[in-house]
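Chemist: First the structure, then my questions, so here it is.
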Amino acid sequence: MSSTLFQEFLQNISQKPLLVLDSSIPNSKYIPIDLSEDNLQLKDIDVSKVEVLQNYIESQIKQNNGIVGYGGYNEVRTIYKRSQHFNENNAERNIHLGVDLWIAADTPIYCPLEATVHSFKNNTNFGDYGPTIILKHTINDMEFYTLYGHLSLASLENLEAGKHIKQGEPFATLGDATVNGNYPPHLHFEIIKDLQGFKGDYPGVCNKKDLEFYLDNCPNPELVLRFNF
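Just so we're aligned: the sequence shown equals residues 30 to 258 in our numbering.
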């Protein structure tokens with residue numbers, strides 16, 4: 030399926046926005062957070078330090094009377110310079126492929142669509158996802174996947190591939206910086222057309238050379254979350 034057709038498919042899945050956080054949080058309480066290299070506010074703070082980055086994100090949410098910070102798709106970020114995991118083989122990966130939802134640790138994560146557990150893994154590289162779950166969705170014979178990164182360790186307990194999860198069912202919680210790759214608590218939510226054989230992991234950050242492929246394979250999650258659409 031072409032990129033355009035897959036995007037149209039995603040937009041037509043539901044008349045209402047799909048939810049991965051509690052349905053009681055209105056869209057007006059989701060505040061856009063810009064962590065791109067173009068954000069001049071970040072020039073004066075050390076985003077590589079968890080406490081500093083968390084204070085910045087929380088201040089942006091509070092100033093706008095929000096509950097959740099969100100954003101990051103196709104965003105070029107400097108934060109990944111701190112980790113060798115994103116700078117291997119002289120090919121810097123710094124372009125973000127999912128949407129981040131910034132909210133407190135232990136926040137429940139809800140299944141946006143009927144799903145089965147495809148795979149899960151604790152990705153322990155510095156700056157990586159930490160505990161991660163990938164769900165498989167099948168709609169009208171169309172298969173695709175959603176990835177949930179930066180979860181709690183408890184989210185992986187008693188989990189098995191093939192487990193059915195209902196739409197709207199809580200199935201995980203967010204981790205803190207001690208387990209989530211050393212970030213302020215947040216969910217990395219990514220839509221994936223072709224997993225390419227990955228299990229419990231899939232690139233959430235890419236380099237400029239591979240960007241066209243990944244934007245095609247990992248369309249903007251806001252197509253279904255609909256914060257701006």
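By construction, the Cβ of each residue, glycine as well, lies at the ideal position given by its N, Cα and C atoms.
Anyone know if the C-beta pair for Lys222 and Pro248 falls short of 9 Å?
Modeler: Taking the sequence shown and counting its residues from 1, the one referred to as residue 222 is at position 193. Taking the sequence shown and counting its residues from 1, the one referred to as residue 248 is at position 219. For Lys222 and Pro248, yes; Cβs fall inside 9 Å.
Chemist: Which same chain residues, not among the five before or five after Gln40, have their C-beta less than 7 Å away from its C-beta?
Modeler: Here residue 40 corresponds to residue number 11 of the sequence shown, with the count starting at 1. If we look at Gln40 and ignore the five residues flanking it on each side, its Cβ neighbours are Leu252.
Chemist: For Asp129, name the three-state secondary structure that DSSP assigns.
Modeler: As a first step, residue 129 must be located in the sequence shown, where it is residue number 100. Here Asp129 sits in strand by DSSP.
Chemist: Within 10 angstroms of the Cβ of Ser184, are there 16 or more other Cβ atoms? Answer buried if so, exposed if not.
Modeler: Here residue 184 refers to the residue found at position 155 of the sequence shown. Ser184 counts as buried, since no fewer than 16 other beta carbons sit within 10 angstroms of its beta carbon.
Chemist: Kindly indicate the opening and closing residues of the alpha helix (DSSP H) around Asn151.
Modeler: Counted from its first residue, the sequence shown places residue 151 at position 122. That residue, Asn151, is in no alpha helix (DSSP H); its beta strand (DSSP E) goes 144-152.
Chemist: What residue range does the alpha helix (DSSP H) around Tyr243 cover?
Modeler: By one-based count along the sequence shown, residue 243 stands at place 214. That run of the alpha helix (DSSP H) goes 240-246.
Chemist: By DSSP, does Val253 sit in helix, in strand, or in coil?
Modeler: The residue labelled residue 253 in the question sits at position 224 within the sequence shown. DSSP places Val253 in helix when its eight states are reduced to three.
Chemist: For the ligand PLP, is there a heavy atom less than 8 Å away from the beta-carbon of Leu69?
Modeler: With respect to the ligand PLP, the structure shown offers nothing to examine, as it has no ligands at all.
Chemist: In whole angstroms, give me the CA-to-CA distance for Phe258 and Asn123.
Modeler: What you label residue 258 is simply residue 229 of the sequence shown in a count that begins at 1. What you label residue 123 is simply residue 94 of the sequence shown in a count that begins at 1. Bear in mind that a pLDDT of 44 at Phe258, under 50, signals an unreliable position, so the number given afterwards is only what the model happens to contain. For Phe258 and Asn123, the distance between alpha carbons rounds to 25 Å.
Chemist: Among Val79, Ile96, Leu130, whose alpha-carbon lies nearest the alpha-carbon of Ile108?
Modeler: Translated into the one-based positions of the sequence shown, residue 108 becomes position 79. Comparing Cα-Cα distances from Ile108 to each of Val79, Ile96, Leu130, the minimum goes to Val79.
Chemist: Using DSSP bridges, identify the partner residues of His193.
Modeler: For the purposes of this step, residue 193 is taken as residue 164 along the sequence shown, with counting starting at 1. The partner list for His193 (beta bridge, DSSP) reads Thr145.
Chemist: What are the boundary residues of the beta strand (DSSP E) that Leu164 is part of?
Modeler: One-based indexing of the sequence shown puts residue 164 at position 135. First-last of the beta strand (DSSP E) with Leu164: 159-168.
Chemist: Please report the distance separating the alpha-carbon of Gly210 from that of Ile168.
Modeler: Along the sequence shown, read from residue 1 onward, the residue named residue 210 stands at position 181. Along the sequence shown, read from residue 1 onward, the residue named residue 168 stands at position 139. Each residue's Cα considered, the two are about 32 Å apart.
Chemist: Could you please give me the residues that DSSP links to Gly178 through a beta bridge?
Modeler: The residue you call residue 178 lines up with position 149 of the sequence shown. Within the DSSP bridge table, the entry for Gly178 names His217 as partners.
Chemist: Can you tell me whether Pro62 is buried or exposed? The criterion is at least 16 other CB atoms within 10 Å of its CB, across all chains shown.
Modeler: Along the sequence shown, read from residue 1 onward, the residue named residue 62 stands at position 33. Inspection of the sequence shows that residue 62 is occupied by Ile rather than by Pro. Buried: at least 16 other Cβ atoms inside 10 Å.
Chemist: When burial is assigned at 16 or more other CB atoms within 10 Å of the CB, is His193 buried or exposed?
Modeler: Against the sequence shown, residue 193 aligns to sequence position 164. Label assigned to His193: exposed.
Chemist: When the Cα atoms are used, what is the spatial distance from Ala120 to Leu188?
Modeler: As a position in the sequence shown, residue 120 is number 91, starting the count at 1. As a position in the sequence shown, residue 188 is number 159, starting the count at 1. The straight-line gap separating the alpha-carbon atoms of Ala120 and Leu188 is approximately 35 Å.
Chemist: Note down the Cα distance separating Leu224 from Tyr231, rounded to an integer number of angstroms.
Modeler: In the sequence shown, residue 224 corresponds to position 195, counting from 1. In the sequence shown, residue 231 corresponds to position 202, counting from 1. So the alpha carbons of these two residues sit roughly 7 Å apart.
Chemist: Does DSSP put Thr202 in a helix, a strand or coil?
Modeler: Numbered from its first residue, the sequence shown carries residue 202 at position 173. Reduced to three states, the DSSP call for Thr202 is strand.
Chemist: Look at the alpha carbon of Asn151 and the alpha carbon of Thr161, and state the distance between them as a whole number of angstroms.
Modeler: Indexing the sequence shown from 1 puts residue 151 at position 122. Indexing the sequence shown from 1 puts residue 161 at position 132. Between Asn151 and Thr161, the C-alpha separation is close to 6 Å.
Chemist: For Gly100, write down the residues that DSSP places opposite it in a beta bridge.
Modeler: Reading the sequence shown from its first residue, position 71 is the one you call residue 100. Per DSSP, Asp129.
Chemist: Do you know whose CA, among Ser57, Leu82, Glu198, Pro213, lies nearest Glu143's CA?
Modeler: For the purposes of this step, residue 143 is taken as the residue at position 114 of the sequence shown. Here the closest residue by C-alpha is Glu198.
Chemist: Under the three-state reduction of DSSP, which class applies to Tyr59: helix, strand or coil?
Modeler: As a working note, residue 59 is residue 30 in the sequence shown. Three-state result, Tyr59: strand.
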